[in-house]
Amino acid sequence: MFYAQFVLSKKGPLAKIWLAAYWEKKLSKAQIYETNVQDAVNEILKPKVKMALRTTGHLLLGIVRIYSRKIKYLLADCNEAFLKIKMDLCPGQIELVDDGKEAPLLPLPEVQFA
Numbered sequence: 001m002f003y004a005q006f007v008l009s010k011k012g013p014l015a016k017i018w019l020a021a022y023w024e025k026k027l028s029k030a031q032i033y034e035t036n037v038q039d040a041v042n043e044i045l046k047p048k049v050k051m052a053l054r055t056t057g058h059l060l061l062g063i064v065r066i067y068s069r070k071i072k073y074l075l076a077d078c079n080e081a082f083l084k085i086k087m088d089l090c091p092g093q094i095e096l097v098d099d100g101k102e103a104p105l106l107p108l109p110e111v112q113f114a
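Now the structure itself:
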C-alpha cells in the first residue's frame with residue numbers, strides 16, 4: 001500500500017471522501033455541506049504521502065458523489081425558494097364588495113400637442 005493509515009482513518013483529512021466512495025448513505029447532510037471539495041481535490045492531487053492509483057481513483061469517486069449530493073441539495077433549496085416566491089407573488093382571488101359607491105372623478109388638464 002502506498003498510503004499512510006492516518007490519511008483514511010476516521011479523523012483523517014480524506015475520511016469523509018473515503019466514506020462517500022464506499023458507504024455514501026452513511027454521510028449526513030451536514031457532513032456533506034461541511035466537506036470542502038476543492039481542498040479534498042488538492043489533497044489528492046498533491047498528497048503528502050504517496051498513494052496508489054487505485055486508492056486515488058476511489059477517492060475521486062467519493063469526491064464526485066459528495067459533489068453530486070451537494071448539487072442535489074442546492075437544486076432542492078432553489079426549487080423550494082422559487083415556489084415560495086411564486087406563491088407570494090401570485091395574485092389571489094379578491095372579492096370586491098359592490099356597495100354602490102363610486103370614486104369621484106378627477107379633472108385632468110387638457111394638453112395640446114403641436
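Quick note: the sequence shown, position 67, residue 67 per UniProt numbering, numbers continuous. Don't be surprised by glycine CBs; every beta carbon is placed ideally from N, CA and C. Model, not experiment: these values are computed from the prediction.
Residue i to residue j span [Cα, whole Å]
{"i": "residue 52", "j": "residue 73", "result": "32 Å"}
{"i": "residue 109", "j": "residue 103", "result": "19 Å"}
{"i": "residue 37", "j": "residue 89", "result": "36 Å"}
{"i": "residue 47", "j": "residue 56", "result": "10 Å"}
{"i": "residue 25", "j": "residue 68", "result": "13 Å"}
{"i": "residue 99", "j": "residue 77", "result": "46 Å"}
{"i": "residue 111", "j": "residue 105", "result": "18 Å"}
{"i": "residue 11", "j": "residue 79", "result": "35 Å"}
{"i": "residue 27", "j": "residue 87", "result": "33 Å"}
{"i": "residue 107", "j": "residue 113", "result": "19 Å"}
Anticipated Cβ contact below 8 Å, residue i with residue j, distance rounded
{"i": "residue 71", "j": "residue 17", "result": "The Cβ separation is near 16 Å, so there is no contact."}
{"i": "residue 15", "j": "residue 66", "result": "Contact doesn't hold; Cβ gap of about 12 Å is too wide."}
{"i": "residue 13", "j": "residue 43", "result": "6 Å"}
Status (buried if at least 16 other CB within 10 Å, exposed otherwise) for residue i
{"i": "residue 34", "result": "exposed"}
{"i": "residue 85", "result": "exposed"}
{"i": "residue 59", "result": "buried"}
{"i": "residue 81", "result": "exposed"}
{"i": "residue 40", "result": "buried"}
Mind pulling the alpha helix (DSSP H) runs of 4 or more residues that sit fully within the segment 31-61?
-> 37-45
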